[in-house]
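The block underneath contains the structure these notes are about, expressed in structure tokens.
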Amino acid sequence: MEDIVIRLEAIEGAITHLKTLEQTPDIIDEMARLEKLATKLRKKLPAEEKAWDKVVSARKLDRPRGNFYIEMITTDFIECHGDRSFRDDPAIIGGIGKIGEHTVTLIVQGKGNTSKENMARNFGMPHPEGYRKALRLMKQAEKFNRPVVCLIDTPGAYCGLGAEERGQGEAIARNLMEMARLKVPVIAGIIGEGGSGGALALAVADKVFMQENTIYSILSPEGFASILWKDASRAKEAAEKMKITAPELLNYGIIDDIILEPVGGANLDPVAAADALKQYLMTQLTELKKQGEEERLSSRYERFRRFGVITQ
């Protein structure tokens, strides 16, 4: 499988380079040939069915991140900074932009594709000021009747001493409360890791989706194994028992939809993954705007009240 992935990455790199050249008939023919070869190779990749495979895929360093999706799915994006109380948190990127014909407030959890980028964004782990920035932008969206779209990719909220001193738990809890009663349409989705309250603080929404190769859980499999069995090396076993994959969570009613990824994962064709995400968001925004405010709030409330209900 590793050889296939290496060949596939080389071919996709060549295709990307050819797209930058003048599109002569020879160049176009060569691109078509390489596209066919890439398609054949993608079909040879094994389907990732184990929960741990999804964990690995969600954590891949070359997986498309929130800032990439901002560039690909929005136009005229204007980033907003700060929580108006302490500082700007680079682990949360928020602003105003257009997705198709819809003007939205877009809030994403930022990670990086390199160690340097990850350090700059605290590896996608927001501080309380990040969640307060997100809430500030949500309330602004409510004031101007803009839908809110949240893209989630975090191992969890940052648990450092400073974050706790500044009220990490309060910031997360307040977001849960305020999102539950936002009067505008809210869509949230997992585009990588969806870890614990750090993810849920942006996921109280009318529609919650997951990309195909992502995870959504109460904590990491390593953390689960450490707490339950005092053995972090049993993380693979924990991942299976935790029910953290998109199909499992769709079955339980935790999420509403799964966005399929290109064969082999979003990292192998980020542009196609972004296009699928954009099409989904435009469709859902159109549908949610048709609902009245009271109907939408009632449906959102009932959606979360159903969690944990046992039926026979």
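Counting along the sequence shown from 1, when you hit position 234 you're at 234 in UniProt numbering, and nothing is skipped either side. C-beta: ideal position from N, C-alpha, C; glycine also. Predicted model, so just to flag it, every value in this text is computed and none were measured.
**Request:** Give a yes or no on contact between the stretch 60-75 and the stretch 149-156, applying the rule of three or more CB pairs nearer than 8 Å.
**Result:** The answer is yes - the stretch 149-156 touches the stretch 60-75, with three or more Cβ pairs under 8 Å.
**Message:** Please tell me whether Leu41 and Glu30 are closer than 9 Å, where the distance is taken between their beta carbons.
**Reply:** No, the Cβ-Cβ distance between Leu41 and Glu30 is not below 9 Å.
**Asked** Near His127, which residues of its chain fall below 6 Å by C-beta distance, leaving aside the five closest residues on each side in sequence?
**Response** So the qualifying residues of the chain are Asp89, Tyr158 and Ala163.
**Message:** Cutting at 8 Å between CB atoms, please list the residues of its own chain near Gly94, excluding the five before and the five after it.
**Reply:** Scanning its chain for C-beta atoms nearer than 8 Å, with the 5 sequence neighbours on each side dropped, one finds around Gly94 the residues Glu79, Cys80, Thr105, Leu106, Ile107, Val108, Lys133, Ala134 and Leu137, in chain order.
**Prompt:** Hey, residue 344 and Arg65: beta-carbon distance below 9 Å or not?
**Reply:** Residue 344 lies beyond the residue range present for the chain, which begins at 1 and ends at 312; the question has no answer from this structure.
**Message:** In the DSSP assignment, the beta strand (DSSP E) including Thr105 goes from what residue to what residue?
**Reply:** Annotation for Thr105: the continuous beta strand (DSSP E) segment containing it runs His102 to Gln109.
**Request:** With a threshold of 16 other CB atoms inside 10 Å of the CB of Pro185, please say whether the residue is buried or exposed.
**Result:** Within a 10 Å sphere around the beta-carbon of Pro185 sit 16 or more other beta-carbons, which makes this residue buried.
**Item:** Candidates Tyr131, Ile96 and Ala10: closest to Phe144 by CA position
**Value:** Per the Cα distances, Ile96.
**Pair within 9 Å by beta-carbon distance, Ile172 and Leu285** = Their beta carbons are not under 9 Å apart, which means Ile172 does not touch Leu285 by this criterion.
**Asked** Does the stretch 228-238 come close enough to the stretch 191-202 that 3 or more CB-CB pairs lie under 8 Å?
**Response** No, the stretch 191-202 is not in contact with the stretch 228-238.
**Closest Cα partner of Ser217 within the set Glu240, Ala205 and Met179** = Closest in alpha carbon position to Ser217, among Glu240, Ala205 and Met179, is Glu240.
**Request:** Pull up the DSSP beta-bridge partners for Ser196, would you.
**Result:** None; Ser196 has no bridge partner.
**Message:** Could you tell me the alpha carbon to alpha carbon distance between Tyr280 and Ile259, rounded to whole angstroms?
**Reply:** Roughly 8 Å separates the two Cα atoms.
**Asked** Skipping 5 residues on each side, what residues in its chain have a beta carbon closer than 8 Å to that of Ser85?
**Response** Excluding positions up to five away in sequence, the list reads Glu129 and Arg132.
**Request:** Could you tell me the distance, in whole angstroms, from the CA atom of Arg59 to the CA atom of Gly82?
**Result:** Cα-Cα distance, rounded: 27 Å.
**Request:** Take Glu9 and list the residues in its own chain whose beta-carbon comes closer than 7 Å to its own, dropping the five residues that flank it on each side.
**Result:** Correct list: empty, nothing qualifies.
**Asked** With distances taken from CA atoms, which of Ile28, Arg33, Ile27 and Val56 is nearest Gly264?
**Response** Per the Cα distances, Val56.
**From Asp257, Glu294 and Ala199, residue whose alpha carbon lies closest to that of Leu277** = Checked all of Asp257, Glu294 and Ala199; the closest Cα to Leu277 is Asp257.
**Request:** Leaving aside the five residues before and after Ile27 along the sequence, list all residues of the same chain whose C-beta is less than 8 Å from its C-beta, in chain order.
**Result:** Cβ neighbours of Ile27 beyond the five flanking positions: Leu18 and Leu21.
**Three-state class that DSSP yields for Ser220 in the structure shown** = For Ser220, the secondary structure class from DSSP, reduced to helix, strand or coil, is coil.
**Request:** Please list, in chain order, all residues of the same chain as Phe77 whose beta carbon is under 6 Å from its beta carbon, the five residues on each side excluded.
**Result:** Closer than 6 Å at the Cβ level, and outside the excluded window around Phe77, lie Ile70, Gly95 and Gly97.
**Request:** Starting from the Cα of Thr245, find the closest Cα among Lys230, Glu212 and Met119 and give me that residue.
**Result:** Across the set Lys230, Glu212 and Met119, the C-alpha of Glu212 shows the shortest separation from the C-alpha of Thr245.
**Prompt:** Under the three-state reduction of DSSP, which class applies to Ala273: helix, strand or coil?
**Reply:** In the three-state reduction of the DSSP assignment, Ala273 falls in the helix class, which pools H, G and I.
**Message:** Buried or exposed for Thr39, going by 16 or more other Cβ atoms inside 10 Å?
**Reply:** So Thr39 ends up on the exposed side.
**Prompt:** With 16 as the cutoff for other CB atoms within 10 Å, does Pro25 come out buried or exposed?
**Reply:** The C-beta of Pro25 has fewer than 16 other C-beta atoms within 10 Å across all chains shown, which makes the residue exposed.
**Message:** According to DSSP, is Gln23 part of a helix, a strand, or is it coil?
**Reply:** It is coil, neither helix nor strand.
**Request:** Measure the CB-CB distance between Met282 and Gly100 and report whether it falls below 9 Å.
**Result:** Cβ distance < 9 Å, so Met282 and Gly100 count as in contact.
**Item:** Of the residues Phe304, Glu261 and Lys290, the one placed nearest Gly253, counting alpha carbons only
**Value:** The shortest Cα separation from Gly253 among Phe304, Glu261 and Lys290 belongs to Phe304.
**Message:** For Ala272 and Ile15, what's the separation of their Cα atoms in angstroms?
**Reply:** So the alpha carbons of these two residues sit roughly 14 Å apart.
**Request:** Tell me whether the beta-carbon of Ala201 lies closer than 9 Å to the beta-carbon of Leu228.
**Result:** The Cβ atoms of Ala201 and Leu228 lie no closer than 9 Å to each other.
**Request:** Give every residue of the same chain whose Cβ lies closer than 8 Å to the Cβ of Ile11, excluding the five residues on either side of it in the sequence, and list them in chain order.
**Result:** Excluding sequence positions up to five before and after Ile11, its CB lies within less than 8 Å of the CB of Leu34, Leu37, Ala38 and Leu41, all in the same chain and listed in chain order.
**Prompt:** To the nearest angstrom, how far is it from the Cα of Gly156 to the Cα of Gly124?
**Reply:** Between Gly156 and Gly124, the C-alpha separation is close to 8 Å.
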